[in-house]
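Following: one structure in structure tokens, then a few remarks.
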Amino acid sequence: NNFPRYQAVIRSIAFNETDVARRMRMEQLAEDIFVPEKAMISALRLEAIGPEAAAFLRDALESPDLEVRFHAAQALAYLDDGACVPVLADCARNEPSLRVYALAALSVVDDVHAQMELRDLLNAEELETRYGAFVALKELDPGDPTLQHRDFDGGYSTYFIDSTGEPMVHVRRYKSPEIVLFGAEQPLRLPLVLNAGERIRVVGRVAESTLEITKYAVNEEPVRKVVPNSLRHVMTAIGEMGATYPDVVQMMIEGDQQDNFVGDFGIERMPRAGRVYIPRDQRTKKADGTGTPDNGRRIGSPALTPNLYEQLDESNGSGDEREEQVSPLDRLKLDEPVEQDSDIMSFEPPRAASLSDEFHEGPSGDSESSGNPGTDPRDGDLSLENQAHASLSGLRESGATMNDDSEQSASFDSDDFSSEADADDGDSTSSRPGIGRRFWDTLRGRGPSS
């Protein structure tokens with residue numbers, strides 16, 4: 129459940145090492161692990177050696193420095209050594225910067241103490257910690273009786289957890305379609321009108337202890353249920369009525385917006401990697417785990433998040449900041465300048481205006497301008513859009529010029545036909561336009577006229 133760490137351990141394996149060299153290296157790593165700046169890499173290398181190095185890691189659990197204890201405990205967890213559990217549970221509960229790694233490590237420890245600590249974390253103060261512990265416990269033992277759940281035909285699961293802490297609700301929108309109620313019997317604030325999709329509505333009136341749930345259908349009588357004012361009963365009833373996961377999430381979001389929940393509501397409230405660790409004796413106002421590299425040390429990065437806690441929107445930087453999601457359609461707004469590729473800008477489209485130049489070429493070979501100044505598609509400072517408009521204008525002007533010339537040529541030819549009908553064989557001295565004269569000379573086999 130933690131591919132980034134697995135890869136780091138693989139890279140820490142030493143090859144072609146003798147027993148003596150390995151022993152000497154372990155003794156050196158056993159000293160280095162007590163240095164906070166070297167603790168992480170030393171723990172990885174000791175973990176890569178295997179159970180033979182577990183004793184050195186257990187010694188590091190006695191260090192006064194929490195960061196040293198954490199890295200040693202994390203390595204022991206992946207060696208399936210239960211001695212790591214108290215340190216990891218403390219980090220998961222009190223250290224936001226270490227929480228995601230501690231919970232991922234607890235999820236692989238096949239030890240009853242790890243399971244008990246995860247159950248206890250389901251009552252933590254922060255929703256992030258509770259849901260992180262829920263994910264770890266479900267990974268460690270999916271059949272744990274604490275995780276009371278029910279699967280519905282709508283393709284989702286609802287977990288009802290009897291938490292002793294403040295009631296909370298969590299919704300997942302990535303990987304698992306699941307809703308977790310921390311405090312299964314939590315009531316809803318009244319009055320309320322909630323919609324679960326287009327067919328199901330939940331109504332609660334002030335001073336009443338029950339809620340009415342109605343399902344509507346075309347050409348059918350509405351189906352009504354009356355349930356106690358408990359979120360557990362509401363979730364069960366709408367699930368039995370055929371609500372889908374999007375329907376249920378819609379109802380949850382409406383309830384949060386209308387302040388119908390008695391506790392916290394969260395969507396994808398997961399522990400995050402890449403936060404800054406600040407030693408407890410150096411903390412001022414950075415109790416949430418955020419900070420700057422000047423007063424702490426960043427632990428990992430969002431790219432190194434254990435895959436057990438992968439999220440759809442990765443955080444950008446420290447804390448809970450997220451990158452703004454922009455749809456592809458929003459990126460293609462026509463009224464905003466688009467950054468052009470140099471290869472595209474260097475491409476010169478075919479000049480439709482050159483057709484017009486061919487008909488307007490003067491005796492000296494210079495082309496006359498057929499458009500307005502500044503609209504020549506050859507201008508390098510024009511955008512591609514302006515070049516397209518200029519090319520289209522050139523085509524229209526060229527077509528108009530061609531039509532004028534064609535009409536003129538046709539009139540010349542008709543004059544030539546009529547004059548030639550009355551003239552002698554080549555002796556007419558009437559002035560004929562050049563096009564008609566060349567036409568008749570060619571027919572008579574005389575060649576070009578002089």
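Mapping of the sequence shown onto the working numbering: residues 129 to 578, in sequence order. All residues carry an ideal CB built from backbone N, CA and C; glycine is no exception.
So residue i and residue j are in contact, right, with Cβ under 8 Å, and what is the actual spacing, rounded?
{"i": "Val263", "j": "Asp239", "result": "Not really, about 18 Å apart at Cβ, beyond 8 Å."}
{"i": "Pro434", "j": "Tyr229", "result": "7 Å"}
{"i": "Leu320", "j": "Gln386", "result": "6 Å"}
{"i": "Met296", "j": "Gly367", "result": "Not a contact, Cβ separation roughly 20 Å."}
{"i": "Val586", "j": "Ala324", "result": "Residue 586 lies beyond the range of the chain shown here (129 to 578); nothing can be said about it."}
{"i": "Leu246", "j": "Leu268", "result": "7 Å"}
How would you write the range of the beta strand (DSSP E) that residue i sits in, first residue to last?
{"i": "Phe280", "result": "Gln276 to Phe280"}
{"i": "Ile406", "result": "That residue, Ile406, is in no beta strand (DSSP E); it is neither H nor E in DSSP."}
{"i": "Gly394", "result": "Asp392 to Ile395"}
{"i": "Leu309", "result": "Glu306 to Phe310"}
{"i": "Asn85", "result": "Summary: the structure shown does not reach residue 85, with the chain confined to residues 129 through 578, and so no result is reported for it."}
{"i": "Val376", "result": "That residue, Val376, is in no beta strand (DSSP E); its alpha helix (DSSP H) goes Tyr373 to Gln385."}
{"i": "Leu339", "result": "Thr338 to Lys343"}
{"i": "Val297", "result": "Met296 to Val299"}
Less than 8 Å between the C-beta atoms of residue i and residue j, yes or no?
{"i": "Glu396", "j": "Arg300", "result": "yes"}
{"i": "Leu172", "j": "Ala181", "result": "no"}
{"i": "Val404", "j": "Gly428", "result": "no"}
{"i": "Val354", "j": "Lys343", "result": "no"}
{"i": "Val334", "j": "Leu318", "result": "yes"}
{"i": "Leu250", "j": "Ala261", "result": "yes"}
{"i": "Leu216", "j": "Leu185", "result": "no"}
{"i": "Asn222", "j": "Leu436", "result": "no"}
{"i": "Glu101", "j": "Pro224", "result": "Since the displayed the chain opens at 129 and closes at 578, residue 101 lies outside it and no answer follows."}
{"i": "Tyr302", "j": "Gln202", "result": "no"}
{"i": "Phe198", "j": "Leu226", "result": "yes"}
{"i": "Gly293", "j": "Glu253", "result": "yes"}
{"i": "Pro200", "j": "Val137", "result": "Rather than Pro, the amino acid found at residue 200 in this sequence is Ala. Taking 8 Å as the Cβ cut-off, Ala200 and Val137 do not qualify as a contacting pair."}
{"i": "Gln132", "j": "Leu359", "result": "The displayed chain sequence assigns Pro, not Gln, to residue 132. Taking 8 Å as the Cβ cut-off, Pro132 and Leu359 do not qualify as a contacting pair."}
{"i": "Arg327", "j": "Ala312", "result": "no"}
Report the residue from the options whose alpha carbon sits nearest the alpha carbon of residue i.
{"i": "Ser291", "options": "Phe310, Arg197 and Arg317", "result": "Phe310"}
{"i": "Tyr206", "options": "Phe162, His298, Ala232 and Lys353", "result": "Ala232"}
{"i": "Glu256", "options": "Ala201, His277, Gly394 and Ala401", "result": "Gly394"}
{"i": "Glu145", "options": "Arg139, Ile138 and Arg153", "result": "Arg153"}
{"i": "Ala188", "options": "Gln202, Ile161 and Met363", "result": "Ile161"}
{"i": "Pro315", "options": "Val148, Arg329, Gln439 and His361", "result": "His361"}
{"i": "Asp208", "options": "Val237, Asp193 and Asp218", "result": "Val237"}
{"i": "Ala220", "options": "Ser358, Arg400, Ala431 and Pro430", "result": "Arg400"}
{"i": "Gly178", "options": "Ser140, Met398 and Asp248", "result": "Ser140"}
{"i": "His298", "options": "Gly383, Lys166 and Asp147", "result": "Gly383"}
{"i": "Asp248", "options": "Val137, Met379, Ala176 and Asp218", "result": "Asp218"}
{"i": "Gly402", "options": "Ala167, Pro430, Met380 and Gln135", "result": "Pro430"}
{"i": "Thr364", "options": "His277, Glu155, Leu157 and Met244", "result": "His277"}
Note the first and the last residue of the continuous alpha helix (DSSP H) segment covering residue i.
{"i": "Arg352", "result": "First-last for Arg352: Val351 to Pro356, but that is the beta strand (DSSP E), not the alpha helix (DSSP H)."}
{"i": "Thr433", "result": "Taken as a continuous stretch (DSSP letters only), Thr433 belongs to no alpha helix (DSSP H), as it is neither H nor E."}
{"i": "Phe143", "result": "Neither: Phe143 is in no alpha helix (DSSP H) and is coded neither H nor E."}
{"i": "Met398", "result": "Looking at the DSSP string, Met398 is not in any alpha helix (DSSP H), and its letter there is neither H nor E."}
{"i": "Ile366", "result": "Leu359 to Glu368"}
{"i": "Lys266", "result": "Leu255 to Leu268"}
{"i": "Leu250", "result": "Taken as a continuous stretch (DSSP letters only), Leu250 belongs to no alpha helix (DSSP H), as it is neither H nor E."}
{"i": "Ser285", "result": "Looking at the DSSP string, Ser285 is not in any alpha helix (DSSP H); the run it does join, the beta strand (DSSP E), is Tyr284 to Ile289."}
{"i": "Arg329", "result": "Counting along the chain, Arg329 falls outside any alpha helix (DSSP H), though it belongs to the beta strand (DSSP E) covering Ile328 to Gly332."}
{"i": "Glu195", "result": "Leu194 to Tyr206"}
{"i": "Leu216", "result": "Val213 to Asn222"}
{"i": "Ser170", "result": "Pro164 to Ile177"}
{"i": "Ala182", "result": "Ala182 to Ala188"}
Does the region 286-295 come close enough to the region 305-314 that 3 or more CB-CB pairs lie under 8 Å? yes
Quick check: the region 333-345 against the region 400-412, are at least 3 beta-carbon pairs closer than 8 Å? no
Counting Cβ pairs, one atom from each stretch, are 3 or more of them under 8 Å apart for the region 357-376 and the region 269-284? yes
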